[in-house]
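K.L.:
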Amino acid sequence: MTLTVKDFDTCAKPDWCPGCGNFGIQAALKQALANLGIEPHKTVLVAGIGCGSKMAHWVDVYGLHTLHGRSLPPATAVKFANPELTVVVAGGDGDGYGIGMGHFIHTMRRNVDMTYLVQNNMVYGLTKGQTTPTSAKGFKTPSTPFGSIEEPLNPIALALAMGATYVARGFSGDVMHLTKLIEGAIKHKGFALIDIFQPCVTFNKINTYAYFMQNTYKLEDEKGYDAGDWEKAMAKARQTDKLPIGLFFKTERPTYEEQDPGRTGESLVDADISDIDVRPLMEKFM
Amino acid sequence: MTLTVKDFDTCAKPDWCPGCGNFGIQAALKQALANLGIEPHKTVLVAGIGCGSKMAHWVDVYGLHTLHGRSLPPATAVKFANPELTVVVAGGDGDGYGIGMGHFIHTMRRNVDMTYLVQNNMVYGLTKGQTTPTSAKGFKTPSTPFGSIEEPLNPIALALAMGATYVARGFSGDVMHLTKLIEGAIKHKGFALIDIFQPCVTFNKINTYAYFMQNTYKLEDEKGYDAGDWEKAMAKARQTDKLPIGLFFKTERPTYEEQDPGRTGESLVDADISDIDVRPLMEKFM
Amino acid sequence: MQTNDLTWMIGGEAGFGIQSAGHIFAMCGIRAGLHVFGNAEYPSLIRGGHNSDVIRLSEKEVHIHKEKLDLLLAMNKETLDMHLNEIVEGGGFIYDAEAFKEEVAAPKGVTGFNVPLKKIALESGKGDITRNTVGIGASLGLLDYDMTILNDILTHMFAKKGEEVVANNIAAAKAGYDFVKKNYGDAFGFKLKPLNKKIDRMLITANDAICMGALKAGCKFVAEYPMTPSSSILHFMAAHAKDYGVIVKHTEDEIAAMNMVVGAGFTGLRAMTGTSGGGFSLMVEALGMAGMLEVPLVCVNVQRPGPSTGLPTRTEQGDLLFALHASQGEFPRIVIAPGSFEENFYLAFDAFNLAEKFQLPVIILSDKHMAESVKSTEMFDTKGMKVERGKLLSQEQIDELRAKSEAALKKLKQETPADRGFNGASAEGNYLSVDNNFLRYKIEEDGVSPRTIPGMKGGIYRAATDEHDESGDLTETEENRNLMVEKRAKKLEGALRELPAPVLYGDKDAEVTFVAWGSPVGALKEVIEILAAEGVKANLLQITYMCPFHTKEVGEILRGCKRTIGVEMNGEGQLCSLIAEKTGYFVNDKILKYSGRQFTAHELKDRTMALINKKS
Amino acid sequence: MQTNDLTWMIGGEAGFGIQSAGHIFAMCGIRAGLHVFGNAEYPSLIRGGHNSDVIRLSEKEVHIHKEKLDLLLAMNKETLDMHLNEIVEGGGFIYDAEAFKEEVAAPKGVTGFNVPLKKIALESGKGDITRNTVGIGASLGLLDYDMTILNDILTHMFAKKGEEVVANNIAAAKAGYDFVKKNYGDAFGFKLKPLNKKIDRMLITANDAICMGALKAGCKFVAEYPMTPSSSILHFMAAHAKDYGVIVKHTEDEIAAMNMVVGAGFTGLRAMTGTSGGGFSLMVEALGMAGMLEVPLVCVNVQRPGPSTGLPTRTEQGDLLFALHASQGEFPRIVIAPGSFEENFYLAFDAFNLAEKFQLPVIILSDKHMAESVKSTEMFDTKGMKVERGKLLSQEQIDELRAKSEAALKKLKQETPADRGFNGASAEGNYLSVDNNFLRYKIEEDGVSPRTIPGMKGGIYRAATDEHDESGDLTETEENRNLMVEKRAKKLEGALRELPAPVLYGDKDAEVTFVAWGSPVGALKEVIEILAAEGVKANLLQITYMCPFHTKEVGEILRGCKRTIGVEMNGEGQLCSLIAEKTGYFVNDKILKYSGRQFTAHELKDRTMALINKKS
Ligand SMILES: Cc1ncc(C[n+]2csc(CCOP(=O)(O)OP(=O)(O)O)c2C)c(N)n1
Ligand SMILES: Cc1ncc(C[n+]2csc(CCOP(=O)(O)OP(=O)(O)O)c2C)c(N)n1
Ligand code: SF4
Ligand code: SF4
Ligand SMILES: [Mg+2]
Ligand SMILES: [Mg+2]
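Chains as they are written, first to last, in the working numbering: chain A, 38 to 323; chain B, 38 to 323; chain C, 429 to 1044; chain D, 429 to 1044.
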């Protein structure tokens, strides 16, 4: 089906701060959905709670705006219930890598077919600027006025260690590039992580547009980089002098939902439940 | 101070199944504490909930037997409150790598000085034999009667990816070896993970004593293995044909508690709180 | 000679198949056409602690074990230490002097039957593992039961393990049977006599009943994390996942379980989770999400003694007020407490209908005593059970509503600034938002809105845990907030109208009225009979629906009673508190128990009589 | 001319310093010796939404904003759209016709003061960023305030940002002041006149007060996860961590926060967490742990409207019943609801004492309205405030108790099998276990046991969330279970005896008695005065202690009242439910509000009068 970005527009306009990196992510997601020709009612955009998560209201598809840190379990269930749906999840770094860490790890293990966009601004936006798990050491915030003393976590390395099957990083400042990554992620059959550098112009004065422009480069631009090589991907993930963006790693393995023994057909949503016969079951207990 | 294992004995005897791997872990921990000469009242053994966690009652030190999956946050607080205490944490694989995953990741990031023993029997013992995050794919249990369809997680690789500073694996069947690992972990200044292969003789008929004997080898026995080399450690962590035990990786970085701006002296427990002056504080608001 | 009225116990070490032996014995009752009740008590450890399983058989319906035993099968010495004095006069016990390495003196009036269980097992059963079966054979020998039925049960039970195992067990049982016949003849004063008529009863736990009810209701999604005593719900559903086409997920924790159930409900599946108090504690945040998103779901809390980890394998009713108020803020929920095994089936089925009709979470409160006891239960009558999905729309219905709304929408688009959602209620008859999406939270008379699910064309909306307008988009105005709070609250009014009000069980004119909920209800029904035999008329007010609450009816009934006694397995009398809150009525007395064990009928009788005698 | 009685509002876009401008204006009141109340309303987004801050100044104490404004400083057009009609007759508004690109028609009786805020800011303040300061200068010009005080405040406020910023702001303020003086003279009918006497009042939020109370109480550990409107507790404590030697941890989630607080309490620190409802939901499992382990801790729940994410930046009192019943099973907790800014300080201090004396979790229920409003508050009187640590033992006390127990222990060792812990209560006077450890859960008269902490020699014990014996080791016997349940429950009896019972505020003989808790209490005190002026005698029953509850006193007081009206910011009337549950008394009427905004005094008056008129 031929679709354009307009098909994903909403009347309500985002209330993000002017210049917020989330605008670029929103644009890229709408563009990717349009490019892939996925009809709006066949996509569910699941989100946690945070500035970035509000995006669920500003892309015109089914939306499920859940709890802080809890986007992945409901998203998993959506996919399990109806694998015909395209499931995209969006949430902040605090949401996904902080409070939501347990679900993040276990969802990767399961290789559920979904695309997870982490709006990584290295700060808690919606609660006004506290430190997150990806904030730099020394980051001064209202909750760490003397500077954060935790080692920032490396989501790409983590995803690789967990055996994730599509591991990428984007930058909200490069919408075209990000669009391609999202397209690839949605097409990928399995769990796809896109960690997205997203400048928070209001609360993060360190990881700014300028910072990311200066410190990132594209993996595609590196000759011979092979996203099928796990070791290389891990080495890239651990690079700190410059930060690569692009597709780090991609592999194929069966998704959870295609192996589920409870699955009878394509979608359980259509199952006829009007008169299920439990007599054989009862007889087992006699 | 000269201590013996007897100093850590309790009158109550463990109620683990005869042959349970936890006996070996209990023996190793007591031996390590005795060897290090740490007086019983200066150690706190924190545990989650599960068969393994019950160990908190059978080593004669201060014990804190908490909630399922929640051993690490209270343990962190114990150390923060009184860094003079030796903090050892014990819990199952379900407890630590399943429900407790979020805390596990974040505690590693903080490099809190404590020793975390994971009694990894690849099964839920206390609730009678369900699958855990480390169970093999295909593992048939009451909750996965058609076989588990999740990829088991690799705790060693995960800890390495998270920048843990002491990463080891032991086997409850080799108490001497495990004792050394525990000693090293307690002496290590920072967060030490020891993932311990612990046969559950009742519910895990796959990962048995025989299985571990056949499939493990010691890193110490490998010539030139260097626990200071992260890449090598990661390669070893990812080895699947044989399973290395021993110290994978060790490095030094400052602990969280020594960097805490709120720390005035050694232990806040001894602070005099009888008459704190808040007048200067009030004056700030006038 | 006492026929077909027996309390039998097997006791032994944890990990040695005490419960499956109990199950075999219970099946002997079922196949004999008798009523059966079986209660397992065990500590929270895997092996070595003391386990016991009491099976009561009778020609009348039984709801609870008795405190006195007629026949005790002691698999170890500890069993005798703990239970010898519980045997009735005329009763007996089977033990293995050789294995225990000591003789045992029988109390007065009680007969000890020394049976070399171990030796027989090794010889006839080809291994110590058949020792329990020898004991069952011996028990049935004393009871003069028909061994062909037992053989049948054993064949069925061990079929999966192969023919050899079956043969060994049959041989072991026979040897035990023969041994007592030979050595003790027909001396024992209790007998079991299979009834002639064939009766179709199941031997099930309340957890089994809930699962059957859920499957009958079309539950297609179960996410759960193991926790005693709810794990068997997970196990049951997992075992039947393939046959019934159900997605059953053992999740990483209870937070994920409840969040997944919300996701599945949102996507249109009937979804359920089960847990016990500790897991429920982790679910409360997502419970509130279901309330706000108006997602139907069913959550079973099988209670066990708290606080915190408490006594994981024992029983209590300590979570009532918690379940009623769990999660921040105010939202409607339905809380149901089945009081019998049958009710667990029928009310679980209803729970799914209620959840969908009123678009809210339904909590079922059970407890360990029901959840893990077995009871002979008539086959459920599923005739007339109707799956009702409330205002869930089909694609055709969406198309129709959309067509009808066109005109209204046109007008609205002129009136409403293009960049804002609605604030407050849209025009009657309009189901479309400014985005041309569906007004999923349309305010209707009864507070329930027509519902679409993802994948449906023209049904798009955003479900949000923030306060939202009819379309699901965010707005913070006071006007909208008030409307939405009132809309949600209104749903309970409709639910209350639909739920049957409680009625008195037993004699209207009783001297004593028990007020109870959940598993003590069964025991109380027996108590009422026992009291009647002693000349005390008693009746029972069982409360099944905790929320919404039948304030008017309960208040009227209780105010018309002579003497009311609240009976609960907790320390605070939580139902009594709820009744006081709603009706202002305080029960006259409370009989509470919080030791982690269920009431027995005689204990209740004694405590009731003590209250009567004290007061009058 | 109305002097020193003013309601001023600044409104503008989120992200443009509306709140800090409000703060400056409020400080002008403080330095003038006036009473101040300031309430900020803002939506849950970072920029662009509408923010407003209302500051009320008066010579009398004020608890709440008024709905009518005397002077409105509109920083954008939307402010006028929303608030122009809220201005009293005789009042005025400041706007910037040039920047808004339109003239504004003033309502009848209201004066519009057109001030080129932007232009002045650019010219005199060296940048648009000083626009708010120009507005404040203009406001104070109309009000004829003493500019030297403002300069002082600006100097103090902007000191950290450097001299240039200070100078720019002072210049901006002056230019604004001069502009109105020149163009509008003394025409405005409201004035501010600094009082002569110096008065030591602080301008604080209730969150500030709680933090000060906690620091005074020796709180040494705070673990918290940010959540509006509790985050400022975390921020306050973090900012003062160094000065006061407090470990302040921003954790990965609320589960970790509460679990850490339990760990810190166990280790002997006074520990606290703060959160709002959603975070509290995640804490309930560990709350129960504290109950079972008998670990003292303080948890502040700053309520906001639910359910679920709800309205994050608004206010409500929707978590009362949840807080009372949160977590599975039954255990004692103390739930306190401060009703004023001062009470937040004193009761937070008390909370730490109560937590340690009764070895249990203490929950403080606050709400957004108090937590983020500012109020002029007398300096707290800390004289006589005594830190009481209850039965926390020193090393010497342990040694002593151990010595005394020796004999008892010897005897016990002979009686008790060496491989088992105690079951039930040990001999009186003995504090030693069979392991020669400490009986941390020793059963004493009042349910409170002497307490040791890790590191103390001879104090070893195991704290367990499973049911345990006096030593902390696991046991499942009924006898022990009963003793422990009763022991824990008994602690609340002691606590109740210690807590002051509620009394009526105001005229004993009132026609109307308000029943309230938390932040509406302040508004009601003003309402009582307003009603008195209209000839209606009203008084107030404030409930501060929700658990344990003064059942007897509350019941007696209410039954003696003529007409009772429950006033709560929620939809269900949760305090009214609690009162009914405890006393059987139902209030005559309820005034409830659940729009997410606080009552104003006049709204309450009107609703009260409507009830009176309807009924009589
Ligand atoms: C359980 C719970 N705790 C805390 C909050 C408050 N909260 C809302 S958003 C947020 C953090 C936002 O940071 P992030 O996830 O990085 O998203 P961002 O705003 O930066 O996009 C927090 C702590 C909440 N809503 N729920
Ligand atoms: C919140 C919560 N959920 C579930 C449980 C039930 N539970 C107790 S132990 C356990 C799992 C035990 O497995 P593991 O952690 O691997 O320890 P093991 O018994 O194997 O040593 C579970 C699920 C619980 N106590 N609390
Ligand atoms: S606070 Fe940061 S993340 Fe949030 S909308 Fe503003 S710029 Fe974006
Ligand atoms: S069940 Fe397994 S882990 Fe638990 S005690 Fe027995 S052998 Fe050990
Ligand atoms: Mg962020
Ligand atoms: Mg395990």
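Quick reminder that beta carbons are idealized off the backbone N, C-alpha and C, glycines included.
Going along chain A in order, which residues have a C-beta closer than 8 Å to the C-beta of arginine 698 of chain C?
P.N.:
Ile310
K.L.:
Do we get a CB-CB distance below 7 Å when we pair threonine 737 of chain D with the residues of chain A?
P.N.:
Interface residue, yes.
K.L.:
Assuming threonine 893 of chain D and leucine 788 of chain D are in contact, meaning their beta carbons sit under 8 Å apart, how far apart are those beta carbons, in whole angstroms?
P.N.:
No, threonine 893 of chain D and leucine 788 of chain D are not in contact; Cβ-Cβ is about 15 Å, not under 8 Å.
K.L.:
Between serine 804 of chain D and lysine 321 of chain B, what straight-line distance do the alpha-carbon atoms span, to the nearest angstrom?
P.N.:
13 Å
K.L.:
Where do the ends of the beta strand (DSSP E) carrying tyrosine 1013 of chain C lie?
P.N.:
Looking at the DSSP string, tyrosine 1013 of chain C is not in any beta strand (DSSP E), and its letter there is neither H nor E.
K.L.:
Where does glutamine 430 of chain C fall in DSSP's three states?
P.N.:
strand
K.L.:
Check this for me: beta carbons of glycine 617 of chain D and glycine 716 of chain D, under 7 Å apart or not?
P.N.:
no
K.L.:
Please identify, using Cβ separations under 8 Å, the residues of the region 1003 to 1032 of chain D that lie next to chain C, in order along the chain.
P.N.:
Ser1005, Leu1006, Ala1008, Glu1009, Lys1010, Gly1012, Tyr1013, Phe1014, Tyr1022, Ser1023, Gly1024 and Arg1025
K.L.:
Beta carbon of threonine 239 of chain A: closer than 6 Å to some heavy atom of ligand 3?
P.N.:
Threonine 239 of chain A: yes, Cβ under 6 Å from ligand 3.
K.L.:
Which residue comes first and which comes last in the beta strand (DSSP E) that contains glutamate 469 of chain D?
P.N.:
463 to 469
K.L.:
In angstroms with no decimal places, state the Cα-to-Cα distance between aspartate 266 of chain B and lysine 255 of chain B.
P.N.:
Spanning the two alpha carbons is a distance of roughly 17 Å.
K.L.:
Hey, is asparagine 158 of chain A close to ligand 5, as in C-beta under 6 Å from one of its heavy atoms?
P.N.:
yes
K.L.:
For the region 753 to 780 of chain D, which residues have a CB atom closer than 8 Å to at least one CB atom of chain E, in sequence order?
P.N.:
Of the chains in the structure shown, none is chain E; the protein chains are A, B, C and D.
K.L.:
At a threshold of 6 Å, does tryptophan 53 of chain B count as lining ligand 4 (C-beta to nearest heavy atom)?
P.N.:
yes
K.L.:
Counting only C-beta atoms, is proline 298 of chain B closer than 7 Å to chain A at any point?
P.N.:
yes
K.L.:
Which residues in chain A sit within 8 Å of aspartate 681 of chain D, going by Cβ to Cβ distance?
P.N.:
Within 8 Å Cβ-Cβ: Gly106, Gly135 and Ile136.
K.L.:
With H, G and I counted as helix, E and B as strand and the rest as coil, what does DSSP make of glutamate 806 of chain C?
P.N.:
strand
K.L.:
Is isoleucine 474 of chain C near ligand 4, going by C-beta to nearest heavy atom under 6 Å?
P.N.:
yes
K.L.:
With a 10 Å radius around its C-beta and 16 neighbouring C-beta atoms as the bar for buried, classify lysine 1010 of chain D as buried or exposed.
P.N.:
It counts as buried.
K.L.:
So that I know if they touch, is there some Cβ in chain D lying closer than 7 Å to that of leucine 894 of chain C?
P.N.:
It is aspartate, not leucine, that sits at residue 894 of chain C in the sequence shown. At least one chain D Cβ lies under 7 Å of aspartate 894 of chain C.
K.L.:
Taking Cβ-Cβ distances shorter than 8 Å, what residues in chain B pair up with threonine 695 of chain D?
P.N.:
Val81, Ala114, Val115, Ala118, Asn119, Leu122 and Val306
K.L.:
Got a sec? Which residues, its chain only, sit under 8 Å from threonine 1028 of chain C by beta carbon, not counting five neighbours each side?
P.N.:
Ile492, His493, Lys494, Glu495 and Ala951
K.L.:
State the CB to CB distance for the pair leucine 969 of chain D and isoleucine 985 of chain D, rounded to an integer number of angstroms; the pair is presumed to be in contact (CB under 8 Å).
P.N.:
Yes, they are in contact, since the Cβ atoms of leucine 969 of chain D and isoleucine 985 of chain D sit about 6 Å apart, within 8 Å.
K.L.:
Going by C-alpha distance, which of B:Glu187, B:Ala198, B:Ile193 and B:Pro192 is nearest proline 192 of chain A?
P.N.:
Out of B:Glu187, B:Ala198, B:Ile193 and B:Pro192, B:Ala198 has the C-alpha closest to the C-alpha of proline 192 of chain A.
K.L.:
Closer than 8 Å between beta carbons: that is the criterion. Which residues of the region 243 to 254 of chain A meet it against chain D?
P.N.:
none
K.L.:
What does DSSP give as the partner residues of valine 155 of chain A in its beta bridges?
P.N.:
A:Gly128 and A:Asp232
K.L.:
Here's the rule I'm using: 16 or more other beta-carbon atoms within 10 Å means buried, otherwise exposed. How should threonine 992 of chain D be labelled?
P.N.:
buried
K.L.:
Given that a residue counts as buried once 16 or more other Cβ atoms are within 10 Å of its Cβ, and exposed if not, what is serine 822 of chain D?
P.N.:
With fewer than 16 other Cβ atoms within 10 Å, it is exposed.
K.L.:
Give the secondary structure of aspartate 606 of chain D by DSSP, where H, G and I count as helix, E and B as strand, and everything else as coil.
P.N.:
helix
K.L.:
By the DSSP assignment, the alpha helix (DSSP H) with glutamate 526 of chain D in it spans what residues?
P.N.:
Element bounds for glutamate 526 of chain D: 525 to 528.
K.L.:
Decide if aspartate 297 of chain B is buried, meaning its Cβ has at least 16 other Cβ atoms within 10 Å, or exposed.
P.N.:
buried
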